[in-house]
Structure formats: C-alpha cells, structure tokens
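Colleague: Take this structure first; my questions come after.
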Amino acid sequence: MMQIISKRKYFYVVSGVLTLASLAILISWGLKFGIDFTGGTEMKVRFSQNVPNNNVIADKLKELDLESLMVKAAADRTVTVDYRNSNDQINRDVFGKIKELDGSAVQVSTDFIGSTVSAQLKNSAIKALILAILGIALYIAWAFRKVSRPVSSWKYGLGAITALAHDILITVGVFVILGKFFGVEVGVPFIAALLTILGYSVNDTIVVFDRTRENLLRAGAKEDFEDIVNRSLNETLARSINTSLTVIIVLFALVIFGGESIRYFSVALLFGVTFGTYSSIYVASALLVTIYKFQIKKA
Amino acid sequence: MTVRNSLKIKFATVVLLALMAGLVSYPRAAVKIPRLYNALNKLQIKQGLDLQGGFHLEYNVDLSQVEAGKKAEALNALQGIIEHRVNAFGVSEPLVYIKKSGTGEILVVELAGVKDIAQAKEIIKETPLLEFKETKIDASNQIPQETLDQLNAEGPKKAADILKQAQGGADFAQLAKDNSQDPGSKDQGGDLGMVKEGMMVPEFNTALFDPTFKDGTIYPTVVETQYGWHILKKIATTGSGDILEVHAAHILIAKATQPEPQTSYIDTGLTGKNLKNATVGYSNQALSEPTVNLEFDAEGTKLLADVSQRNIGKPLAIFLDGQIIEAPTVKSALTNGRAEISGGFKTVKDAQALVKSLNEGSLPVPIGDPIYEQNVDASLGQASLMSSLKAGAIGLAIVLLFMIIYYRYLGFIASIALLIYTALMVAIFKLSAFTPWGITFTLSGIAGFILSIGMAVDANVLIFERTKEELRRGRDMMSAVDEGFRRAWPSIRDGNYSTILTSIILVWVGTGFVKGFAIILMLGVVVSMFTAIVLVKIILKFTLRKWATDRMWLIVRVRKSANSEQKIEDKK
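Just so you know, the sequences run in chain order A and B. Letter by letter, the first sequence follows residues 18 to 316 of this note's numbering. Letter by letter, the second sequence follows residues 8 to 579 of this note's numbering.
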C-alpha cells in the first residue's frame, strides 16, 4: 500500500509551488490573447515559390499603417500576418500588397473579428467559466450530500474545487509561458479546453471520493479517517491512472499527428487532464484529511 | 424464454448492430454488393467550413432607418434577398440567417466551397434593385395580311393534290417524306405513333376517331386545323373504350402564321426607391381574387401617372435585380400614386410572393462591411482533416493495445466494443443528415470525437477494476463480472454527468468551434455508456463460460504463493 496521505506534505509543496508560480506569471505576464478576444485580423498566405523575409513583407505593408503588425513564417511556404485592424477594405489592401510581392500567392485562410464581436466573445467566455464552476460546485454538493461524517459534505466539495482550481491555474500558467516565449495565442478554443478539463477532472476526483465514501460507510468508527482515505486512494489508484491514461494517449496522438489548427487546443487538454489526474490522486483527498485534522484541532 | 435464449438473442442483436454500424460507416466493405454499396455511399458526413473550405461572414444590420413595426419584415426581406443573391453562386447549401447579438441583429452568410470570396462580398453588399419598365413591342417583323392570305391560298390546293395521290395508291410514307411540313413526323413517313382520343386538336381528333374511318385507309377529305391542312392515314386501332388508341400518320401542309413580335424593355425611371409599400389586397369583384396594391412616393406618383398614361392596355414589366418577375397589363391611367395589380394571382400565396419581392426591392436595409470573417481554403481544410484522422486512428490503436495488454480477455472485449463505438458514432453522424439535427463535422468536432474515444473506455476500466477486486475477494468469475458492472455504475454515472454538464454549458454559451466540439463530446459520452456497459455486458455474459471460468489468468495475473496456493493479484 502506497503511503500517499502521510506523505501529503511533499505533494502540497509541489502543487503549491506550481500553482503560485502560475498565478504569479499570470498576473505579471498575462496570457497572450488572440484575435478572438482582442479583435483583429489573422491572414495566412501561401507563397508560390520563395517566401519573402518577414521584414520585407512588413516593409511592404508599412504604407497601410497597420496596428500591431506581426509577420510570422510557418510551415509549407506559409506566412501568418497579424494585425489589430479589423476592416474588410484594409484586409483586401493587405492582400493586394502581398500580391505585389508574389502574383500567385494564395490566401489560405483569413480570420477577422471586429471589436464588437471580440468583446462579446470575451463576455461569453467569462460567463461560461463562471457558470461551469458554479454548476460543478452545486453538482458536487449534491453528489456528496449523504456523507456527513466525519467531514461535512460541503467540505468534499471544497476539496474537489481546490483541486480543480489547481488544475486550471497550472494549465493557464503553461500557456502564459507558451505565449511569452513561443508566441502561442489563446482564443475561444482555449476556453473550451479549460471547460472540458473542468468537466473531466471533476469526474476523476469523484471516482476517488466515491470509494472514500463507500469505505467510510463500511468502516464506521473503527478506522482512523486518515487511514480510510489512504486505503481508498490505493484501491482506486489503478482505475484513476488507467482512465486518464487512455485519454492522455489519444491526446498525445492528437498533439503529435493532429491538424495544426487544433494542436494547441489538444496541448491545453493534455496538460489539464494530466494535472487533473495528479491532483485527484495526490491533492484532493489529502485536502480532505487536512480539513479534518484542522477541524479536530479546533475542537 | 430461458435466460440462455434471451442472451442468445441479445448477442445476435449486438452482432447485427455492429455489422450495420460497420457498413454504414465504411461502405467500402460492401463493395462486392453494388446496390448496397451505392446506397450506403450516398450517406456522407456533412463537412463544416473549416474542412471543406469556404467562408463565413457576419454583417451588422442597420435598422435605424426602419420604422418600429417593420423590423421583423425588414429582416425577413433582407434574408430572402441575400439568399436569392447567394444562390446565384450555385453553392450546394448556402446558409443565410439573422442572429441576435448583444446590441442588434447580425446577418450571417456561410458559403462552402466558394473560391472567389471578394466577388461574393461584392454581390452581398449591393442593395437590391427594383425597376419598372415599359414594354415596347416591335411589330416590324409582321407580315401584311394580304401576303399571308396569298401564301395560304395555295395550301388547300396542294393538300388536295397530295390526297389524290395517296388515294391513288402512292406510298404514304414517301409522300410524307417529300411533302409534309411537320418536322416531327415527316422523316418517319408521317408516323405519329399511338394517338389517344383527346391528344390532338378537335378537328384532327374527330376525323381520326370517326368510327367509319377504317384501318389501313386514308381519310377521304383533307382535314383543316389551326396548323394547316392534313392528309390522315389510319394504320391500326387497338383497345377500346378508355384505352382506345389509334396508330396514325399524317402529311401536313402548314399554314403560314405571323412570327412572334419582339419585346424590348425601356426604363421608365420608376424604381424601388419610389415604392413606399406593397401589400396584398382583394379586388372588389370577387373576394377570392387576390391583388397586389402598390403605393408610390411623390416622385413615383408623377412618374406612374405618365407611364400608365402612355401604356394603357400594354404590359408594364417589373424587374428585380435584372430579372422580370411580373408584367401586369395597365388598365387605366394611375394618377393617385397607387396601382393595383390584379388578375394574375391564382392564390393568395402568389400575391404574397410578389409583395415580398417588391418590398425587398424597396426596403433599403444597409449592412455595411463585414464585421467578422472566417475564410478557409479547401486545401488547408483537407490537410487538417487528414492529419486529424490519422491522429485518431493512431490513438485508437494504442488504446486498444493498452486495453488488451492490461485487461486481457476483458480488455479484448472492451476493444471490440470500442471499435463498435467508433463505427456507431460515424454511422450516427452520417444518418443524422436525415434528422432535423444534422451534425456538421468540423475540426473541433473531430477533436471531440477523438477525445470521446479515449473517454469511452473509462467506463470499462472502472468496471474491470471492480471485477478484479471482486475476484480477489474470492468471488467466482461470473458473479465477479456482475458485481463489477453493478458497483461501478454509480461512479460512471456521476463522472459522465459532470462531463455532460460542462458540455451543455459549452453548447449554450459557445460559438461555432466550441459548439461543434461540445455536441460531439456529449453524444460520445452517451453512446459510449451504451457500448461500454450494455454491449460489453452482453458479449461477456454470452462468451464467458466453462472454458473461461477455469482460466483465471484470462482476467488477472495469477501468482503461485509459497505454499502453492493460487493467489490472485493484479498488476499495479
């Protein structure tokens, strides 16, 4: 039997450091928001032969006086041109100028989002996150209404939500780093990934809590709470790891082989699910015990 | 029915289901049966924009100029007219709709597979053009009546002459070939095929079906119809009463007629900008005859008065976007700026359709430049699709492998169920096209599908872990399996609820990308509950018998302890 609960101090330290670090960089560096939330245009152009240098392209577009213009080269003779303006006429002018550099350049994709639309998307994203957190909190409270000793049922919810917050924060932290150093942008798909992680991670945590609840009901007062929780964890270790493993396998396949447009979406899911598994095993239940010990100390 | 028999039936159903799902999702398997293959191949998954290429545009609709009560009408008209324009592209399924956004209404146009987005945008932007044009009939190609009469004087003589030849025994067919002026039958020797009563004009008909007209003979006189003069031959008669048919032939000496006069349209200067309103009304004479009432503004009233004065008795053509939609005849001069178009509408619906068209042309609802655009080239879309499918296949393969290695026989069955799950999902996607909730496959949808494959086995993992536990506690295989299913169900149910809950939120609040992902994920969770629990249970109960229960190693690793007692242990 693995001693998970007794060693919880170590896991608290690891999780604590990661979570605080993520929070810190989130506040200081922030996420790199894509056009979904800032508004603007992202145009991908494929050149027929030689790809002109980014500076050459930027120079050509200088006369159009675009806001926050960024030119990035990508695979397959493609160049991504990003700018804050979101105006159809300007977009046409931009492509016109690019065609001056290469007459047979092809517009592979163009996304442009006006500022009103992006404001709305930001709104919806926040609304969705809040709703999801509320929904899950309520759901956990309801799922654990029957187990009230020795820790009241809402405290199970507290443990689960703390673990969830930890998962989300660390995933966000990863993307802060990706944004700062690799220019990876975050848009609506990222929010979707976060919400999916919320749903899935809670799933995992509940599986563990379920077993704890069952053992509690069976053991009664005979066993120490800490021991029951530890035993429950051990019993559910295999299932926790395996259920997540199957999901992580497909996510890895998606990240490595999948289409470019959904790559970072899959990366977000991958981190979320991995940390979700980790937190369900090493953090959520440990928190239960800590809360219990705290209760006893107070009494 | 014994338990055994009902199990057999269930198992057979599972196999059938698997086969059907497999065939629908992969029609190639039935390539040897052409009819089946063709029918199945017709089912396609509808691909979203980001896979088949195309564009999605959104425009702000400026309703500031529209009077309060007319907003819905304006929006409807706008949607209709844009759809009309967009249809000109010949795209298979253009999508044009109005959606509400925080501050107002937004027009959404989605066209798949369109290459020239610049041109499309141009056409969408134009406000519709309604024009009233007067018709000018060019009668200069008309032949004077005397010439016509002259030409036709010879006709009867010629016909009589041919009749005599025919009655004299000349070859009818040859006569027809040489003389008949009916291009449709002349080369076939005048043969008209089987003629039923009522098929031809009255004069022809009466002659042909005259009971004294015998088979194989020539009608004794020349028959005159509006087309000219005919020499008739009855070849044979078949049937009687209702199905009476005559095999006939004829030679036609045609009457010369007036050629159709040329119609040209001249602008009157009266256009949509002058039309204040168009409504459906009823003429005074008969309540059942609908009319369309037009109301023009000041300038229009003047123009209308002039135009109608000039064109009494002649048609006034109404053009929408360059195409003529109606050409009612002007009955009298219209001086009060109102016109009534009557006598041309069979039903109220026809009148309403015209009113709709007219109002479309007269409501200027500007939409400005697009505020949101997403345009994907087909090549990018297909490339993404291919790589994602590859990823899915690889992921699936590894998961299958993992399940078999870790859970052995149970894992093997779960793998089969997983394959059935995949086939079932694809079949559902394809068949959903027939329901009102057709599923459009997007890249995010594929991601959701692949994710759901990973989650589909989770239920099985939970069940099998529980089963192994029960086995460890000393239960026999069959009841351990039962207990496994029973005890694992609450966890499965609760876990899936939370995934479904967040998916619902995503669908509700999300946009296109997110919605596609969430819907497919939700569907996957539900279907996988079915395949992982119901299907696996049936297969297991059917296949696990004496051959298996004696071989514990099929499920768990068995280790001999020091005193050679078999201990059942599972890998960590």
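Glycine included, each C-beta is placed from N, C-alpha and C at the ideal position.
Below 9 angstroms between beta carbons: does that hold for methionine 60(A) and threonine 127(A)?
Modeller: Within the first sequence, residue 60(A) is the residue found at index 43, counting from 1. Within the first sequence, residue 127(A) is the residue found at index 110, counting from 1. A contact, by the Cβ cut-off of 9 angstroms.
Colleague: Glycine 399(B) CB to nearest chain A CB: under 9 angstroms?
Modeller: Here residue 399(B) refers to the residue found at position 392 of the second sequence. Output row for glycine 399(B): interface = yes.
Colleague: If you draw a straight line from the alpha carbon of alanine 125(B) to that of aspartate 189(B), how long is it in whole angstroms?
Modeller: The residue you call residue 125(B) lines up with position 118 of the second sequence. The residue you call residue 189(B) lines up with position 182 of the second sequence. Rounded to the nearest angstrom, the two C-alpha atoms are 52 angstroms apart.
Colleague: If I measure Cβ to Cβ from glutamine 54(B) and keep anything under 6 angstroms in the same chain, skipping five residues before and after, which residues do I get?
Modeller: Numbered from 1 along the second sequence, position 47 holds the residue referred to as residue 54(B). Excluding positions up to five away in sequence, the list reads Phe448.
Colleague: Per the DSSP calculation, threonine 298(B) is bridged to which residue(s)?
Modeller: Here the question's residue 298(B) lines up with position 291 in the second sequence. The partner list for threonine 298(B) (beta bridge, DSSP) reads Gly288(B).
Colleague: Tell me, please, whether the CB atom of leucine 392(B) is closer than 9 angstroms to any CB atom in chain A?
Modeller: Counting from one through the second sequence, the residue named residue 392(B) turns up at place 385. Leucine 392(B) counts as touching chain A.
Colleague: Could you say which of Phe549(B), Ser498(B), Ile546(B) lies nearest to alanine 160(A) if we only look at CA atoms?
Modeller: By one-based count along the first sequence, residue 160(A) stands at place 143. Comparing Cα positions, the closest option is Ser498(B).
Colleague: Write down the C-beta distance between alanine 158(A) and leucine 212(A) rounded to the nearest angstrom, noting that I regard them as a contact closer than 8 angstroms.
Modeller: Along the first sequence, read from residue 1 onward, the residue named residue 158(A) stands at position 141. Along the first sequence, read from residue 1 onward, the residue named residue 212(A) stands at position 195. Actually they do not touch by this definition, with Cβ atoms about 19 angstroms apart.
Colleague: At which residues does the alpha helix (DSSP H) containing lysine 106(B) begin and terminate?
Modeller: Residue mapping note: residue 106(B) aligns to position 99 of the second sequence, counting from 1. It is not in any alpha helix (DSSP H) - lysine 106(B) instead sits in the beta strand (DSSP E) that spans 102-107.
Colleague: Interface residues of chain A around threonine 509(B) at Cβ under 7 angstroms?
Modeller: Residue mapping note: residue 509(B) aligns to position 502 of the second sequence, counting from 1. Within 7 angstroms Cβ-Cβ: Ala149, Leu212, Thr213, Leu215, Gly216.
Colleague: Quick check on alanine 255(A) - is its C-beta less than 9 angstroms from some C-beta in chain B?
Modeller: By one-based count along the first sequence, residue 255(A) stands at place 238. Chain B, which has a Cβ nearer than 9 angstroms to the Cβ of alanine 255(A), makes this yes.
Colleague: Would you kindly work out how many angstroms separate the C-alpha atoms of glycine 57(A) and asparagine 108(A), rounded to a whole number?
Modeller: Residue mapping note: residue 57(A) aligns to position 40 of the first sequence, counting from 1. Residue mapping note: residue 108(A) aligns to position 91 of the first sequence, counting from 1. Whole-angstrom Cα-Cα distance: 10 angstroms.
Colleague: Which word fits leucine 370(B), buried or exposed, when buried means at least 16 other C-beta atoms lie within 10 angstroms of its C-beta?
Modeller: Taking the second sequence and counting its residues from 1, one reaches residue 370(B) at position 363. Confidence at leucine 370(B) is low in this model, with a pLDDT of 40, below 50, so the placement of that residue should be treated as unreliable; the coordinate-derived value is given next. By the neighbour-count rule (16 or more Cβ atoms within 10 Å), leucine 370(B) is buried.
Colleague: Can you list, in chain order, the residues of its chain whose CB lies under 6 angstroms from that of phenylalanine 216(B), leaving out five sequence neighbours each side?
Modeller: Here residue 216(B) refers to the residue found at position 209 when the second sequence is read from its first residue. Once the five neighbours on either side are set aside, the close Cβ partners of phenylalanine 216(B) are Glu204.
Colleague: Using beta carbons (cut-off 9 angstroms, strictly below), is lysine 24(A) in contact with chain B?
Modeller: Mapped onto the first sequence, residue 24(A) falls at position 7. Lysine 24(A) does not count as touching chain B.
Colleague: For the candidate residues Ile545(B), Val543(B), Leu431(B), Trp444(B), whose alpha-carbon lies nearest to that of glycine 531(B)?
Modeller: As a working mapping, residue 531(B) is identified with position 524 in the second sequence. Looking at the Cα atoms, Leu431(B) is the closest of the given residues.
Colleague: Between threonine 506(B) and chain A, is there a C-beta pair that is closer than 9 angstroms?
Modeller: Mapped onto the second sequence, residue 506(B) falls at position 499. For threonine 506(B), the answer is yes, since a Cβ of chain A falls inside 9 angstroms of its Cβ.
Colleague: Below 7 angstroms CB to CB, which residues in the same chain sit around lysine 544(B) once its five sequence neighbours on both sides are set aside?
Modeller: For the purposes of this step, residue 544(B) is identified with residue 537 of the second sequence, where counting begins at 1. So the list reads Phe492, once near-sequence residues are dropped.
Colleague: Is the closest heavy atom of the ligand PLP to the C-beta of tyrosine 504(B) under 8 angstroms?
Modeller: The ligand PLP is absent from the structure shown, which contains no ligands of any kind.
Colleague: Find the nearest neighbour of asparagine 284(B) within the set Tyr428(B), Leu542(B), Asp304(B), judged by alpha-carbon distance.
Modeller: Working through the second sequence from its first residue, we reach residue 284(B) at position 277. Closest by alpha carbon: Asp304(B).
Colleague: From the DSSP output, in three-state form, read off arginine 480(B) for me.
Modeller: One-based indexing of the second sequence puts residue 480(B) at position 473. Coil at arginine 480(B), not helix or strand.
Colleague: Cβ of isoleucine 178(A) less than 9 angstroms from any chain B Cβ?
Modeller: Your numbering for residue 178(A) matches position 161 in the first sequence. Not one chain B Cβ lies under 9 angstroms of isoleucine 178(A).
Colleague: How many Å lie between valine 290(A) and isoleucine 313(A) at the Cα?
Modeller: Reading the first sequence from its first residue, position 273 is the one you call residue 290(A). Reading the first sequence from its first residue, position 296 is the one you call residue 313(A). Each residue's alpha carbon lies about 33 angstroms from the other.
Colleague: Examine chain B for any beta-carbon lying closer than 9 angstroms to the beta-carbon of lysine 61(A), and answer yes or no.
Modeller: Looking up residue 61(A) in the first sequence gives position 44. For lysine 61(A), the answer is yes, since a Cβ of chain B falls inside 9 angstroms of its Cβ.
Colleague: Helix, strand or coil: how does DSSP classify glutamine 389(B) here?
Modeller: Position 382 of the second sequence, counting from 1, holds the residue named residue 389(B). Glutamine 389(B) falls in the helix class under three-state DSSP.
Colleague: Which of the residues in the stretch 454-479 of chain B, read from start to end, lie with their CB under 7 angstroms from any CB of chain A?
Modeller: Cβ contacts with chain A: Ala454, Ile457, Leu458, Ile460, Gly461, Met462, Val464, Asp465, Val468, Leu469, Glu472.
Colleague: At which residues does the alpha helix (DSSP H) containing valine 267(A) begin and terminate?
Modeller: Here residue 267(A) refers to the residue found at position 250 of the first sequence. Its alpha helix (DSSP H) spans residues 242-274.
Colleague: Under three-state DSSP, which class holds tryptophan 236(B)?
Modeller: Along the second sequence, read from residue 1 onward, the residue named residue 236(B) stands at position 229. In this structure, tryptophan 236(B) counts as strand in the three-state DSSP scheme.
Colleague: Who are the neighbours of leucine 234(A) on chain B, taking C-beta pairs under 7 angstroms?
Modeller: Walking along the first sequence from the start, residue 234(A) turns up at place 217. Residues of chain B passing the Cβ test: none, with the nearest at roughly 13 angstroms.
Colleague: Which of the three DSSP states is assigned to aspartate 222(B) in this structure?
Modeller: Counting from one through the second sequence, the residue named residue 222(B) turns up at place 215. The answer is coil: DSSP assigns aspartate 222(B) none of H, G, I, E or B.
Colleague: Excluding the five sequence neighbours on either side, which residues of its own chain have a C-beta within less than 7 angstroms of the C-beta of glycine 276(B), listed in chain order?
Modeller: Walking along the second sequence from the start, residue 276(B) turns up at place 269. For glycine 276(B), where only same-chain residues beyond five positions count, the Cβ hits under 7 angstroms are Leu310.
Colleague: Below 7 angstroms on C-beta distance, what does serine 126(A) contact in chain B?
Modeller: Position 109 of the first sequence, counting from 1, holds the residue named residue 126(A). By Cβ distance, chain B contributes Asn382, Val383, Asp384, Leu387.
Colleague: Where does serine 278(A) fall in DSSP's three states?
Modeller: Within the first sequence, the letter at position 261 stands for residue 278(A). Serine 278(A) falls in the helix class under three-state DSSP.
Colleague: If you check the beta carbons only, do leucine 48(A) and valine 205(A) fall under 9 angstroms apart?
Modeller: Within the first sequence, residue 48(A) is the residue found at index 31, counting from 1. Within the first sequence, residue 205(A) is the residue found at index 188, counting from 1. No; because the gap between Cβ atoms is not below 9 angstroms, this pair is not in contact.
Colleague: Are there 16 or more other CB atoms within 10 angstroms of the CB of leucine 23(B), so buried, or fewer, so exposed?
Modeller: Here residue 23(B) corresponds to residue number 16 of the second sequence, with the count starting at 1. It counts as exposed.
Colleague: Give me the Cα-Cα distance between leucine 50(B) and leucine 102(B), rounded to the nearest whole angstrom.
Modeller: By 1-based counting over the second sequence, the position of residue 50(B) is 43. By 1-based counting over the second sequence, the position of residue 102(B) is 95. Their backbone Cα atoms lie some 21 angstroms apart in a straight line.
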